[in-house]
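Asker: The structure follows.
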Amino acid sequence: MIEFDSKGEIKRSRLSRRALILAGLQGSVAGIIGWRMHQLGVKQGDQYRLLAEENRINIQLLPPARGLIYDRDGDLLTINNRVYTIEMVREQSGDPELILNRLAQLIPLTPEQIDKALLDMSKRRAFVPVTVATGLEWEHIAAVSANAPALPGVTPQLGLNRQYPKGPDYGHIVGYVGSVSDYDLDNDPDRDPLLRIPRFKIGKTGIEAKLEKPLRGEAGIKRIEVNSIGRIIRELDRQEGGPGVNIQLTIGHELQSFALERMKGKSASAVVMDVRNGDIMALASGPTFDPNKFLKPISQKDWAEMNDPKMRPLVNKAVAGTYPPASTFKMIVALAALEAGVANQGEDVRCKGHMLVSGRKFHCWRRGGHGNVNMREALRYSCDVYFYEMALRVGIENITRMANRFGLGVRPNVELPSMKAGLTPTKEWKNRIKKQDWVLGDSMNAGIGQGFVLASPLQLAVMTARLATGTMIEPRMINMYDNTITPVNGVEPLGLKSSHLAVVRQGMFDVSNHRRGTAFGSRLKNGVQMAGKTGTSQVRRITTSERRRGVVKNEDLPWNRRDHALFVGYAPFRDPKYAVSVVVEHGGGGSKVAAPIARDILARTLKVTKGYGELPTRKREQT
Amino acid sequence: MHFTDNSKSAPVGFGKILYFHWPLALLVLTVSCVGFLMLFSVAGGDLSTWAQPQITRFVIGFITMLVIAMIPISFWQRVSLLAYFLSLILLLVVEFFGDVGGGSQRWIDLGFMRLQPSELMKIALVMVLASYYDWLDEAKVSKPQWLVLPIILVAIPTLLVLKQPDLGTAMLLVAGAGVVVFSAGVSLWYFGAVIGALVGLVTAVFYTRGTEFEILNDYQYRRIETFLDPSISPFGDGYHITQSKISLGSGGFSGRGFMEGTQSRGNFLPEKHTDFIFATFGEEFGFMGGITLLSLYMLIVFFCYVSAMRNKDRFSSLLTIGIGSTFFFYFAVNMLMVMGLAPVVGVPLPLVSYGGSAMMVLLGAFGLVQSAHIHNVR
Chain A
1 MIEFDSKGEI KRSRLSRRAL ILAGLQGSVA GIIGWRMHQL GVKQGDQYRL LAEENRINIQ
61 LLPPARGLIY DRDGDLLTIN NRVYTIEMVR EQSGDPELIL NRLAQLIPLT PEQIDKALLD
121 MSKRRAFVPV TVATGLEWEH IAAVSANAPA LPGVTPQLGL NRQYPKGPDY GHIVGYVGSV
181 SDYDLDNDPD RDPLLRIPRF KIGKTGIEAK LEKPLRGEAG IKRIEVNSIG RIIRELDRQE
241 GGPGVNIQLT IGHELQSFAL ERMKGKSASA VVMDVRNGDI MALASGPTFD PNKFLKPISQ
301 KDWAEMNDPK MRPLVNKAVA GTYPPASTFK MIVALAALEA GVANQGEDVR CKGHMLVSGR
361 KFHCWRRGGH GNVNMREALR YSCDVYFYEM ALRVGIENIT RMANRFGLGV RPNVELPSMK
421 AGLTPTKEWK NRIKKQDWVL GDSMNAGIGQ GFVLASPLQL AVMTARLATG TMIEPRMINM
481 YDNTITPVNG VEPLGLKSSH LAVVRQGMFD VSNHRRGTAF GSRLKNGVQM AGKTGTSQVR
541 RITTSERRRG VVKNEDLPWN RRDHALFVGY APFRDPKYAV SVVVEHGGGG SKVAAPIARD
601 ILARTLKVTK GYGELPTRKR EQT
Chain B
624 MHFTDNSKSA PVGFGKILYF HWPLALLVLT VSCVGFLMLF SVAGGDLSTW AQPQITRFVI
684 GFITMLVIAM IPISFWQRVS LLAYFLSLIL LLVVEFFGDV GGGSQRWIDL GFMRLQPSEL
744 MKIALVMVLA SYYDWLDEAK VSKPQWLVLP IILVAIPTLL VLKQPDLGTA MLLVAGAGVV
804 VFSAGVSLWY FGAVIGALVG LVTAVFYTRG TEFEILNDYQ YRRIETFLDP SISPFGDGYH
864 ITQSKISLGS GGFSGRGFME GTQSRGNFLP EKHTDFIFAT FGEEFGFMGG ITLLSLYMLI
924 VFFCYVSAMR NKDRFSSLLT IGIGSTFFFY FAVNMLMVMG LAPVVGVPLP LVSYGGSAMM
984 VLLGAFGLVQ SAHIHNVR
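Put into structure tokens, the structure is as follows:
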């Protein structure tokens, strides 16, 4: 039984009264909460349910216009074509198959395409847009847009497609773009969201690959509100990206196509360089390929042709092919000997057609020998014995050091992928890689540019340009990058004695101007004097017994065992402007095969070369 | 401190279990189970993410509640001042040594859970005020000099919590204390004055914005602003409110069904397992579910009031009203916030939201209510 005193009674009633007030207040708040629940869930429930379905703030990327590539003349090497594409998002479409069948009534869509789209959609995550059809006409896009309510999840897209108007002529240089592979995604440290766009293309070879990042540009971002059927309600905001940079090459079309045409049918490469500023005027690798073929599904026949193991059209031999430089290396050996002070330009070396070193016979290409030859004559006749002697005297380390100064064994700094550095061997290198000691024979082979020495045609052109100018000129393939002229590098002198350079140049002059020079038959006939050097690089070993019977002629050998034909040269002799290098794989003799090609290319260079063409004023492309 | 021995008529030993307020305990259990289900659902059907730890904490809390209930309320009255100072010390500890979480220093790491002393303070403050008014002669309650101490008792922890900064807890502290003071019978004029002062403060808060006398943090200003107009930044702070309203409303009358909520699954909903769990609940169980949960909550509050009415001494009554009301403020502020009727202040849905402190402290508080119920009625 509860007992209260009179005072307690009052207390109790006051507390109860206050508690009642509180309970009443709290009850009303609960009432408000309940009313609000009713309002949200029941009265406006449908509206909110719709909002929940529509609750898709889409972030759309605005793909930037890919940077354009121009040639020397200012002509476009790449075109960004507009392409209309239909994309579809599984998550938004409800029943993809039904929607695709409806779509097929509006746009040309084969059952195969429908199946492929369905497959793509099932493989990807539900919200990833998948390309259903591409290359459509504007009318199709208009039809799809007009029927948008019946086509949930379907969006027409305007994209850019890359095309290469000059086709095969720049196949190796410009390269081509292709779809983003898983490998590309894994190897993208920036995790650029652009790569995740369906249909987005990135550079696969050539400049397109090498300068992918700057060419790609930066994505803009558009935030849009879409409703449950995928129709855009409004654009919330937009952040513009930047288009890719535009690039102008130093390569001119006329010379490039001439070089390729001249080498037609051969597996060969040629590089023309302006010795004064390093401009690469032509960088031709034959046979070439049409990059446009990679933009569509490639045919079986084309694929087989491009992967021909003999001609290897996909390889840019001018930078990725490395060959023993053979006799074109003799200038390096001569300079190494002169600079080391172990040779004198007037000194004669006797050539009996061979040389005996540690019991082994080293042959000169001329069986009977050249008799007494000095350095100039040795270069003129390309006497092997003379350079065996020089190599023995100066040693491999000096030769390699000199070769490196001329850019051999050094990766050229040119904006192309798969640039090869070639090889300039050292004793340490042979020990480390071949696990063998360096022997005198190795030095002698190096003395005539055989053995371990390897160089790419581009490196040979750089070497020739440096010989012609006595400077450290660096190759330059991009003239203008994002509206800025790129600098010329390497105009500083090599630091070689001019009298030494003069001897070597005289020897090279004789090669194509002396009656008995190895390339006299390929001298320029337009009144310009060319200096050069032939090279015939052996790809097989000539046995003693074969030598006794007489060396088999190249023509009688199977193609892949024939010698590589090389030629390097520059013109005009007195005022050098252009250097050229030509390598014809398994072409035979340098003087017979490579020299005429080099001569024709040089002659053409002297004739057609002009300054840079004006670039069209850059305008922002709309995507 | 004034103290009356009531234990004569109270049950002793394990016989107490018979006098336990079982309906209240079962209600608490029911609401907590709703919480477990929701945590299971928002984790996408995964027990271990949130539900499992929550259940563990609930079991510990529930046992704590039973233990507290068994101890005579007179003991709790005696230690109330101690509890207050202990909480105050812990508040000071987090103020100076607390882990920094979410930009504010709020908790002490106990290993199995993170203790927020501010949660503890909510109950300790109610205890100490109930104790004070029990001791104070009722004729004096409205005398200004006897209001000084309660104001100091409230002001110190409130300022500390505001400094953390935790606007939601500060509001709950003041509201809980206010209920005790109000129930104790303090003249209504004072409450009128306080409300007037609050209006003045709010004005001052917004007047000083941007000046060097700024009272609130920038994010607190933004939260209040977005509350007033969520469309200011639909992707910033307003996102919370917009999305939770969509979530709640899309549940319709009967909801999409358990585990069928799209909004939390699509990650449209922020803080889906803590402060905004009611939005998912509303989406999955709709208006009917919401009303049911609200009714369960109100029933707990109602039981507290009934128990308070029947308590014999002032301490027990004031304590029970204070705790019941604090519990009410928790869910009322949370629900109003989630439904866009109050600013986003960071108050959890009691017994449902993921988090140890609030649950442990509330279960302990219900232990006090039970203790008062067992040892005082009759």
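For the record, the sequence lines run as chains A and B.
Per the working numbering, residue 1 is the first one in the first sequence, and the count goes up by one each step.
Per the working numbering, residue 624 is the first one in the second sequence, and the count goes up by one each step.
The beta-carbon is built from N, C-alpha and C at its ideal position, and this holds for glycine as well.
Three-state secondary structure (DSSP) at Asp556(A)?
Answerer: It is helical.
Asker: Would you say Val29(A) faces chain B, with C-beta separation under 8 Å as the test?
Answerer: yes
Asker: Using beta carbons (cut-off 8 Å, strictly below), is Tyr176(A) in contact with chain B?
Answerer: no
Asker: Taking the alpha-carbon of Gly171(A) as reference, which of Val608(A), Asn413(A) and Ser257(A) has the nearest alpha-carbon?
Answerer: Ser257(A)
Asker: By alpha-carbon positions, which one of Leu615(A), Ala150(A) and Thr400(A) ends up nearest to Asn483(A)?
Answerer: Leu615(A)
Asker: Please list the segments of the alpha helix (DSSP H) lying wholly inside the stretch 356 to 439 of chain A, counting only runs of 4 or more residues, in order along the chain.
Answerer: 375 to 381, 384 to 394 and 396 to 405
Asker: Hey, does Ser16(A) have any beta-carbon neighbour from chain B nearer than 8 Å?
Answerer: Chain B, which has a Cβ nearer than 8 Å to the Cβ of Ser16(A), makes this yes.
Asker: So, is the C-beta of Leu185(A) closer than 8 Å to a C-beta in chain B?
Answerer: no
Asker: How big is the Cα-Cα spacing for Leu40(A) and Tyr920(B)?
Answerer: 20 Å
Asker: Can you pull the chain A neighbours of Tyr928(B), defined as C-beta to C-beta under 7 Å?
Answerer: Here the neighbours are Ala19 and Ala23.
Asker: Where Gly422(A) and Ile473(A) are concerned, what is the direct C-alpha to C-alpha distance, given to the nearest angstrom?
Answerer: If you draw a straight line from the Cα of Gly422(A) to the Cα of Ile473(A), it is about 18 Å long.
Asker: According to DSSP, is Thr543(A) part of a helix, a strand, or is it coil?
Answerer: Coil.
Asker: Determine, using beta-carbon pairs with one atom in the stretch 58 to 77 of chain A and one in the stretch 976 to 993 of chain B, whether at least three such pairs fall under 8 Å.
Answerer: no
Asker: Leaving aside the five residues before and after Glu492(A) along the sequence, list all residues of the same chain whose C-beta is less than 6 Å from its C-beta, in chain order.
Answerer: Met472
Asker: For Val42(A), which residues in chain B fall below 8 Å Cβ to Cβ?
Answerer: Residues of chain B with a Cβ closer than 8 Å to the Cβ of Val42(A) are, in chain order, Gly875, Phe876 and Phe910.
Asker: With a cut-off of 8 Å, do at least 3 Cβ pairs link the stretch 238 to 254 of chain A to the stretch 562 to 571 of chain A?
Answerer: Between the stretch 238 to 254 of chain A and the stretch 562 to 571 of chain A there are fewer than three C-beta pairs closer than 8 Å, too few to call the two in contact.
Asker: Would you say Met958(B) reaches chain A, if we count a Cβ-Cβ gap shorter than 8 Å as a contact?
Answerer: At least one chain A Cβ lies under 8 Å of Met958(B).
Asker: Can you confirm whether Ile731(B), when its beta carbon is compared against all beta carbons of chain A, has any partner nearer than 8 Å?
Answerer: The beta-carbon of Ile731(B) is placed no less than 8 Å from the nearest beta-carbon of chain A.
Asker: In the DSSP assignment, find the unbroken alpha helix (DSSP H) run with Met882(B) in it and report its ends.
Answerer: Neither: Met882(B) is in no alpha helix (DSSP H) and is coded neither H nor E.
Asker: Is it buried or exposed for Glu907(B), if we count other Cβ within 10 angstroms and need 16 for buried?
Answerer: With 16 or more other Cβ atoms from the protein chains shown falling within 10 Å of its own Cβ, Glu907(B) counts as buried.
Asker: Out of Asn513(A), Gly587(A) and Val319(A), point me to the one whose CA is closest to Gly521(A)'s CA.
Answerer: Asn513(A)
Asker: Starting from Asn81(A), trace the beta strand (DSSP E) in both directions and tell me its first and last residue.
Answerer: Ile79 to Val89
Asker: Answer yes or no: the CB of Thr609(A) versus the heavy atoms of the ligand GDP, is any distance below 7 Å?
Answerer: Ligands are entirely absent from the displayed structure, and the ligand GDP is therefore not among its contents.
Asker: Taking the straight line between their C-alpha atoms, what separation do you get for Leu776(B) and Leu782(B)?
Answerer: 11 Å
Asker: Which residue or residues does DSSP assign as beta-bridge partners of Glu474(A)?
Answerer: Glu474(A) is not bridged to any residue.
Asker: May I have the straight-line CA-CA distance separating Asn999(B) from Phe899(B), to the nearest angstrom?
Answerer: 38 Å
Asker: Beta-carbon separation of Asn957(B) and Pro971(B) under 8 Å?
Answerer: For Asn957(B) and Pro971(B), yes; Cβs fall inside 8 Å.
Asker: Whose CA, out of His996(B), Ser994(B), Gly990(B) and Tyr977(B), lies closest to the CA of Phe659(B)?
Answerer: Ranking the options by Cα distance to Phe659(B), first place goes to Tyr977(B).
Asker: Output yes or no for whether 8 Å exceeds the beta carbon distance between Ala579(A) and Ala461(A).
Answerer: yes
Asker: Name the chain A residues that come within less than 8 Å of Leu871(B), Cβ to Cβ?
Answerer: Met37, Leu40, Gly41 and Tyr48
Asker: Going by Cα to Cα distance, which pick from Arg505(A), Val42(A) and Gln450(A) is closest to Gln345(A)?
Answerer: Nearest option by C-alpha distance: Arg505(A).
Asker: Determine whether the Cβ of Ser765(B) lies closer than 8 Å to any Cβ atom of chain A.
Answerer: no
Asker: Give me the Cα-Cα distance between Ser145(A) and Glu139(A), rounded to the nearest whole angstrom.
Answerer: About 10 Å.
Asker: Buried or exposed: where does Arg18(A) fall if 16 or more other Cβ atoms within 10 Å of its Cβ makes it buried?
Answerer: buried
Asker: Taking 8 Å as the threshold (C-beta atoms), are Ser703(B) and Ser754(B) in contact?
Answerer: yes
Asker: Cutting at 7 Å between CB atoms, please list the residues of its own chain near Leu76(A), excluding the five before and the five after it.
Answerer: Leu68, Tyr70 and Pro165
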